[in-house]
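> Protein chains in written order, with our numbering: chain E, 1 to 694; chain U, 695 to 1388.
Note that beta-carbon positions come from the ideal geometry of N, C-alpha and C, so glycine has one too.
Number of protein chains: 2
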Amino acid sequence: MKLLKYAKSLPLLLCVLSLAPPASPQRTADEMLTLRQLNLMPVPASAQMQPGRLPITGGFKVAIGNYADDRLRSGIARMLSRLAGRTVLTMPAALATDQNGATLVITCERAGDTIPSLAENESYSLEIDEQQARLVAPTVVGALRGLETFLQLLQGDRAGYFLPAIKIQDQPRFAWRGLLIDVGRHYEPLEVLKRNLDAMAAVKLNVLHWHLTEDQGFRVESKKLPKLHTLGSDGLFYTQDQVREIISYARERGIRVLPEFDIPGHSTSWLVGYPELGSAAGPFQIERGAGIFEPALDPTREQTYKFLDTFLGEMAALFPDAYLHIGGDENEGKQWDRNPQIQAFMKEKGIKDNHALQAYFNQRVLKILQKHGKKMIGWEEILHHYLPTHAVIHSWRGAASLAEAAKKGYNGILSAGYYIDLIFPASQHYVADPLPQDTTLTAAEAKHVLGGEATMWGEWVSPETIDSRIWPRTAAIAERLWSPQNVTDSDDMYRRLAVISRQLEELGLTHEKNYDMLLRRLAGTGDPRALRTLAAIIEPVKEYRRHQMRPQTMLSPLTGLVDAARPDSEAAREFAAKVDAFLSDAPRFALYGPDLEQRLREWHSAALALRPLIDRSPALQEARPLAEDLATLADTGLEAMSHLSAGDTATTEWRDAHLAKLDEAAKPKAALEFAVIDSLRKLVIAAAETKRPR
Amino acid sequence: MKLLKYAKSLPLLLCVLSLAPPASPQRTADEMLTLRQLNLMPVPASAQMQPGRLPITGGFKVAIGNYADDRLRSGIARMLSRLAGRTVLTMPAALATDQNGATLVITCERAGDTIPSLAENESYSLEIDEQQARLVAPTVVGALRGLETFLQLLQGDRAGYFLPAIKIQDQPRFAWRGLLIDVGRHYEPLEVLKRNLDAMAAVKLNVLHWHLTEDQGFRVESKKLPKLHTLGSDGLFYTQDQVREIISYARERGIRVLPEFDIPGHSTSWLVGYPELGSAAGPFQIERGAGIFEPALDPTREQTYKFLDTFLGEMAALFPDAYLHIGGDENEGKQWDRNPQIQAFMKEKGIKDNHALQAYFNQRVLKILQKHGKKMIGWEEILHHYLPTHAVIHSWRGAASLAEAAKKGYNGILSAGYYIDLIFPASQHYVADPLPQDTTLTAAEAKHVLGGEATMWGEWVSPETIDSRIWPRTAAIAERLWSPQNVTDSDDMYRRLAVISRQLEELGLTHEKNYDMLLRRLAGTGDPRALRTLAAIIEPVKEYRRHQMRPQTMLSPLTGLVDAARPDSEAAREFAAKVDAFLSDAPRFALYGPDLEQRLREWHSAALALRPLIDRSPALQEARPLAEDLATLADTGLEAMSHLSAGDTATTEWRDAHLAKLDEAAKPKAALEFAVIDSLRKLVIAAAETKRPR
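Right, here's the structure in full:
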């Protein structure tokens, strides 16, 4: 459900996003203190610090206590490699045979599910004292989750690396914790998927929702219906061997792979090879634009279901997960309205509208899936009385619609609030809860709420930029889905997010490093420093305004400043915190004063340096107004601070003139907007107020 | 030939490296001016600027004038994608049908060799006027070379992107322009090889020398002798399908793939699975250390040649290149000396020493290669009277030994001077010439000098760091091998190298971006800025001192400061240039004065900030003395500048004391050394001199 493209449903979503953190019962003060000393993400269900520490040296040894298999051994090898990389210590390659001498002993009872499943036991306990760390888990998957926690506990000081002594008991709050990656709009190579699977495992996500087909591309090889991928993909598709490689890679990390084949809409790429399935006459071309398109499968012809039986049967055999996602979203039925045969069919069958026609279609697809042993999942429009209760409703409207489904006995997952392609900050995603504090569900009903999924829709992401759109923000969503409900401190989340973000780089993620690379490319032969200063405090416009303001196609390069700029400006958050501290230090205005002034002067210098840089880099021409705004922001801030520091109240005329300037600067340009405007407004307003201690 | 590991032959190499640029006839002043306005690397054989420019817009169209094939079309698509990425312009996906309206018309006569070969015609001409660019080449490979030049010509200003009007006629000086990648010591995943092939193509290199076997790893699947890769590789090997994938990827870019199977020494990993081939009793283990190891194939047993016939036959069928590299280096014969059967064999056959025994071995191997249709190449020790003249001598002693072989009628390539693992600056590699100005070879003899290869030996490179050891320095070597001999301006080389380095990032190369990533990782949860300041002016120790000073194994993490630091400090070069300018501005000492002082104060601040950072990051403990040295360097520099600026001559005591401090700071620590010591020495010495205008 690539919802809200044209903002028609935006109020619903914003409603979810603006939910305040629930007034939940707090953890004990002790436990909060524990967590603030650590960098765990997601926060475990329970953790108690103990006195002492376990030193980590090159003599680090791992022993397996009970059950062992290749998946566990590979997981240990990966952990050791990251531990070695972070500490620059050479670690022994072989497992220790003696548990007593081992630094870490891992005790599992069993392998876990052969095919990763919703029922997988992912719990573990981790006890660390001065002699040893003991990781105990019923399944290898639980042990893998515990190994991630183990790595996150690593700390260092003058005495060397160590883990704090601690007792952790952990299990997820929700069993379904996913990330949707849309490879239909833009193909993503295998290594992109692999490194994102590694990142998912690092924050304990357990479902890769692989959105494989779209109007703009059909990305999976069908041996039975080969024109699907040969004609529908520009040659950019996954072979069945590659699909198996990804499934195996995911399984190694305890991650399910849920395939989505979006029907009956979003299916232009299917129709390029098989126009006879369409609801209008062909020929069809792979779609290059962004938006909602008319082509849809013809739900009135038996041939369509025969085709789907063949295709979904083939896919059901390829993808072992119990579920198969049929999409079902955004079919507006315009081709159905115009097709006399479809209209005749509806009249004959007494199908009153397109919604009912799609329900008829879904019901037929459901039978096909059941025949091939799959449970159905689809976007929430599929909810209908014919649905069996093992179907899963994928909600984009919010927790309320999820609750409604749960009351009817349907399982569901939430994606409203987790649309990471909308470019909202992590803090907004962090407050969306599949099962909010104020839920009216009974305990039995609440069990139908299985979890949620972050959705990485692919219109404006390339292999170079996709990581920066997913990470680190998705780690905050992963925490919402794993950690206890009362873990809601946004400041502490951001503190830990910065640490986790850097650790994700160990896995090859490019969210940090490609930022600077894109800026270097934009700077051409010039010095990128001024551009960095600008880019640090701007963000791409939110929701789906990017395409409205700066239209591109699926064939356009995603290498502009809007692609480099990040969704959740850390520099702007720091600036805001310092401005707040500065203003709260009235009437002295000393706290952070020199620091803020220096920052503002840097902006001013950068604005000057940007002019010649932009002159030589036509790719940056669109950023020229932003560079001019940067100078305005710097000067406005410096003037305001000068008033405040001198105790010389500014006039209301000055204030209004500068607020107007800020309003101008707040207008997006090049699909980018400054993330520091609110802080500057505060400075301007304060400068014109009579000073009194706050 | 992983030469010089223990510096025993170092004087030979340094002799090559310290060659001054030959006093060659200069290009015309016009042409030099042309080249200094452009960022071409390698510099073309001939280039004349013309008046005018060809604008580059989103309406950019390419037409093919004559011969076309998939390789050409793919090359055009890759060029367009990079052009789009750099300009942020959406380019048309389809080729233009009308040559008249096209921005770029590409005219080839033929495909070029089916299997890339030494005889490939790589020449092209590129004429750009205000209407059109015309790229003409006899082969598709020549056209691919020209497309790289085309991309390097892109410039921008306020009016937009454009190419300058120009006439270029270009062809390589040498036909063999290679990069050796040693995947034996450390395995490199396919994507590392692919992105390096892309980078090679970008600077017109045309041979990937794939060093596939070593004591520390056997990296290629053998279906006939599977214990080679299953037991000799830790599971890190290339399947034959993957080998074909790399060969095909290389061919798409006009690059040969030359496999090397290093025998009879460097063969421990062969013997893990087949100990019966060894010259001493097994069992054998994969070697984890760095150095020269004793295991060698037994040259006296027929079984060895039967085995090699099977193996080399299989490889000869897998690798289509006309040549196969047999290594032949660094076998010290210690196992031969101790093996009574081998000694008896030598006595019986009248083989007088190990060198002669290896010659016997090589002769046998030569026959096997001939049987399988391959020409032999090996390190220069293989040169012997029995060699056919189609064999190629791979020289590591220098151009003189290459000339000697040429006089005997043997073809040869040079790697002495191009050992990029020695961590010398690009400027040193740049002066090594396979055919120096002062060569005594006749024109006919000179034709035997085919070219050269940069050698990326793999002891201390990982997938994360290898790009930074190869690039950008190898682009300077590529220029030496392609461009006219008289292209020798080191300053201009560095100017262009910086531009090309950034462009290589478009191809996924990580030499720039992983630098900062490694520093972030080392900083742990701390601020990496001070570490960046330090890292910018230090370099890993040269030659093979790293392992002597800071021993590691093949299983050690390559994530230390020595792995992050780069071979050819740009910051140190800039600092040196500014110090020279400052001193030449005597007695005013105003030029760059404030800039240098600011730099030195930054060093001082960084030294202070590094202390707490190092306290929390045990991985940085080894850098503590460097941080202290950084403070010393900063203070010394500031004191010297203060003397100079004030016109207050320092005492000789002051000078000697500070020179002694610099000598201390010049001593490597953590296998790293400062690249700014010479510049500081100049400042200190100048401070104690009586001032007079220079």
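Would you say alanine 84 of chain E lies against chain U (beta-carbon separation less than 9 Å)?
For the purposes of this step, residue 84 of chain E is identified with residue 84 of the first sequence, where counting begins at 1. Yes - at least one Cβ of chain U is within 9 Å of the one on alanine 84 of chain E.
> Counting only runs that start and end within the stretch 951–1000 of chain U, where is the alpha helix (DSSP H) found for 4 or more residues in a row?
Correct list: 962–967.
> Quick one: grab the DSSP three-state call for glutamate 120 of chain E.
For this step, residue 120 of chain E is matched to residue 120 along the first sequence. Residue state, collapsed to three classes: coil.
> For the beta strand (DSSP E) containing alanine 831 of chain U, name the first residue and the last one.
Along the second sequence, read from residue 1 onward, the residue named residue 831 of chain U stands at position 137. Per DSSP, alanine 831 of chain U belongs to the beta strand (DSSP E) from 827–833.
> From tryptophan 336 of chain E to tryptophan 457 of chain E, what does the alpha carbon distance come to, in whole angstroms?
Position 336 of the first sequence, counted from the first residue, corresponds to residue 336 of chain E. Position 457 of the first sequence, counted from the first residue, corresponds to residue 457 of chain E. In a straight line, the C-alpha of tryptophan 336 of chain E is about 26 Å away from that of tryptophan 457 of chain E.
> State the DSSP-derived secondary structure class of asparagine 206 of chain E, mapped to helix, strand or coil.
As a working mapping, residue 206 of chain E is identified with position 206 in the first sequence. Coil, per DSSP.
> Going by the beta-carbon positions, is the gap between threonine 127 of chain E and valine 140 of chain E smaller than 9 Å?
The residue you call residue 127 of chain E lines up with position 127 of the first sequence. The residue you call residue 140 of chain E lines up with position 140 of the first sequence. Per the sequence shown, the amino acid found at residue 127 of chain E is glutamate instead of threonine. No, the Cβ-Cβ distance between glutamate 127 of chain E and valine 140 of chain E is not below 9 Å.
> According to DSSP, what are the bridge partners of leucine 126 of chain E?
Here residue 126 of chain E corresponds to residue number 126 of the first sequence, with the count starting at 1. Paired residues: E:Leu135, E:Ile168.
> Compare the C-beta of proline 1312 of chain U with all C-beta atoms of chain E and state if any pair is closer than 9 Å.
What you label residue 1312 of chain U is simply residue 618 of the second sequence in a count that begins at 1. For proline 1312 of chain U, the answer is yes, since a Cβ of chain E falls inside 9 Å of its Cβ.
> Quick one: residues in its chain with C-beta nearer than 6 Å to the C-beta of alanine 623 of chain E, no 5 flanking neighbours on either side, listed in chain order?
Against the first sequence, residue 623 of chain E aligns to sequence position 623. Around alanine 623 of chain E: Leu561, Ala670.
> Could you tell me whether the stretch 788–807 of chain U touches the stretch 533–548 of chain E, using the rule of 3 or more Cβ pairs below 8 Å?
Segments in contact, no.
> Please list, in chain order, the chain E residues whose beta carbon lies closer than 8 Å to that of glutamate 1200 of chain U.
Counting from 1 along the second sequence, the entry for residue 1200 of chain U is found at position 506. By Cβ distance, chain E contributes Arg521.
> Is there a C-beta anywhere in chain B that falls below 9 Å from the one on threonine 994 of chain U?
Considering every chain present, this structure includes no chain B. Its protein chains are E and U.
> Please identify the residue among E:Ala650, E:Thr649, E:Ala666 whose C-alpha is closest to the C-alpha of alanine 627 of chain E.
In the first sequence, the residue the question calls residue 627 of chain E occupies position 627. Checked all of E:Ala650, E:Thr649, E:Ala666; the closest Cα to alanine 627 of chain E is E:Ala666.
> Output, in chain order, the set of chain U residues within a Cβ distance shorter than 9 Å of valine 499 of chain E.
As a first step, residue 499 of chain E must be located in the first sequence, where it is residue number 499. Neighbours of valine 499 of chain E on chain U, chain order: Gly1218, Thr1219.
> Consult DSSP for asparagine 890 of chain U and reduce its assignment to one of helix, strand or coil.
Position 196 of the second sequence, counted from the first residue, corresponds to residue 890 of chain U. DSSP places asparagine 890 of chain U in helix when its eight states are reduced to three.
> For lysine 699 of chain U, which residues from the same chain have a beta carbon less than 7 Å from its beta carbon, with the 5 sequence-adjacent residues on both sides left out?
The residue labelled residue 699 of chain U in the question sits at position 5 within the second sequence. Confidence in lysine 699 of chain U is poor, its pLDDT being 42 and thus under 50, which makes the residue's placement too unreliable to answer from.
> For the ligand HEM, I want to know if methionine 894 of chain U counts as a neighbour, meaning its beta carbon is within less than 8 Å of at least one of the ligand's heavy atoms.
Among the ligands in the structure shown, none appear at all, so the ligand HEM cannot be discussed.
> Which term fits serine 642 of chain E, buried or exposed, when burial requires 16 or more other beta carbons within 10 angstroms of its beta carbon?
What you label residue 642 of chain E is simply residue 642 of the first sequence in a count that begins at 1. Exposed, because fewer than 16 other Cβ atoms sit within 10 Å of the Cβ of serine 642 of chain E.
> Using a beta-carbon distance below 9 Å, is valine 88 of chain E in contact with chain U?
Counting from 1 along the first sequence, the entry for residue 88 of chain E is found at position 88. Answer yes: the Cβ-Cβ gap between valine 88 of chain E and chain U drops below 9 Å somewhere.
> Using the DSSP secondary-structure output, state which residues sit across from aspartate 851 of chain U in a beta bridge.
For the purposes of this step, residue 851 of chain U is identified with residue 157 of the second sequence, where counting begins at 1. Bridge partners of aspartate 851 of chain U: U:Gly854.
> On a Cα-Cα basis, can you pick out the residue from U:Leu798, U:Gly1218, U:Leu891 that is closest to aspartate 157 of chain E?
On the first sequence, residue 157 of chain E is found 157 positions in, with the first residue counted as 1. Ranking the options by Cα distance to aspartate 157 of chain E, first place goes to U:Gly1218.
> Buried or exposed for glycine 273 of chain E, going by 16 or more other Cβ atoms inside 10 Å?
Within the first sequence, residue 273 of chain E is the residue found at index 273, counting from 1. Buried, since its Cβ has 16 or more Cβ neighbours within 10 Å.
> Tell me, which residues are paired with arginine 871 of chain U by DSSP?
Stepping through the second sequence from its first residue, residue 871 of chain U is reached at position 177. U:Gly1146.
> Less than 9 Å between CB atoms is the rule here; does aspartate 851 of chain U satisfy it with respect to chain E?
Here the question's residue 851 of chain U lines up with position 157 in the second sequence. Judged by the 9 Å Cβ criterion, aspartate 851 of chain U is in contact with chain E.
> What is the rounded straight-line gap between the Cα of isoleucine 1379 of chain U and the Cα of proline 1319 of chain U?
For this step, residue 1379 of chain U is matched to residue 685 along the second sequence. For this step, residue 1319 of chain U is matched to residue 625 along the second sequence. So the two alpha carbons sit approximately 24 Å from each other.
> Tell me the rounded alpha-carbon separation between alanine 813 of chain U and leucine 1294 of chain U.
Position 119 of the second sequence, counted from the first residue, corresponds to residue 813 of chain U. Position 600 of the second sequence, counted from the first residue, corresponds to residue 1294 of chain U. Cα to Cα, the separation comes out at about 54 Å.
> To the nearest angstrom, report how far apart threonine 530 of chain E and methionine 517 of chain E are at their CA atoms.
Indexing the first sequence from 1 puts residue 530 of chain E at position 530. Indexing the first sequence from 1 puts residue 517 of chain E at position 517. Here residue 530 of chain E is alanine; the residue named in the question, threonine, does not match the sequence. Each residue's Cα considered, the two are about 14 Å apart.
> Our contact map puts leucine 154 of chain E next to tyrosine 161 of chain E with C-beta atoms below 8 Å; I'd like the distance itself, whole angstroms only.
For the purposes of this step, residue 154 of chain E is identified with residue 154 of the first sequence, where counting begins at 1. For the purposes of this step, residue 161 of chain E is identified with residue 161 of the first sequence, where counting begins at 1. The pair is a contact, with the Cβ atoms about 6 Å apart (cut-off 8 Å).
> What's the call for valine 676 of chain E, buried or exposed, on a 16-neighbour Cβ count within 10 Å?
Sequence index remark: in the first sequence, residue 676 of chain E carries index 676 (1-based). Per the 10 Å Cβ criterion, buried.
> Using 8 Å for Cβ pairs, my map puts phenylalanine 174 of chain E next to leucine 633 of chain E. What's the rounded Cβ distance?
As a working mapping, residue 174 of chain E is identified with position 174 in the first sequence. As a working mapping, residue 633 of chain E is identified with position 633 in the first sequence. At roughly 42 Å, the Cβ-Cβ gap does not stay under 8 Å, so phenylalanine 174 of chain E and leucine 633 of chain E are not in contact.
> What distance in whole Å lies between the Cβ atoms of phenylalanine 261 of chain E and glycine 327 of chain E, which are believed to be in contact at a cut-off of 8 Å?
Residue numbering aside, residue 327 of chain E sits at position 327 when the first sequence is read from its first letter. Residue numbering aside, residue 261 of chain E sits at position 261 when the first sequence is read from its first letter. Contact flag correct, Cβ pair sits at about 7 Å.
> With a threshold of 9 Å between beta carbons, is leucine 14 of chain E in contact with chain U?
Position 14 of the first sequence, counted from the first residue, corresponds to residue 14 of chain E. Here leucine 14 of chain E scores only 39 on pLDDT, less than 50, and its place in the model should not be relied on; the value that follows carries that caveat. Cβ-Cβ to chain U under 9 Å: no for leucine 14 of chain E.
> Give the single residue among E:Ala586, E:Ala590, E:Val579, E:Asp635 whose Cα lies nearest to the Cα of serine 605 of chain E.
The sequence position of residue 605 of chain E within the first sequence is 605, counting from 1. Checked all of E:Ala586, E:Ala590, E:Val579, E:Asp635; the closest Cα to serine 605 of chain E is E:Asp635.
> At a cut of 8 Å, does the stretch 437–444 of chain E reach the stretch 583–591 of chain E through at least three beta carbon pairs?
No: fewer than three Cβ pairs fall under 8 Å.
> Report all residues from its chain with a CB closer than 7 Å to the CB of valine 1181 of chain U; omit the five preceding and five following residues, and keep chain order.
Residue numbering aside, residue 1181 of chain U sits at position 487 when the second sequence is read from its first letter. Within the same chain, valine 1181 of chain U has close Cβ partners Val737, Glu1173.
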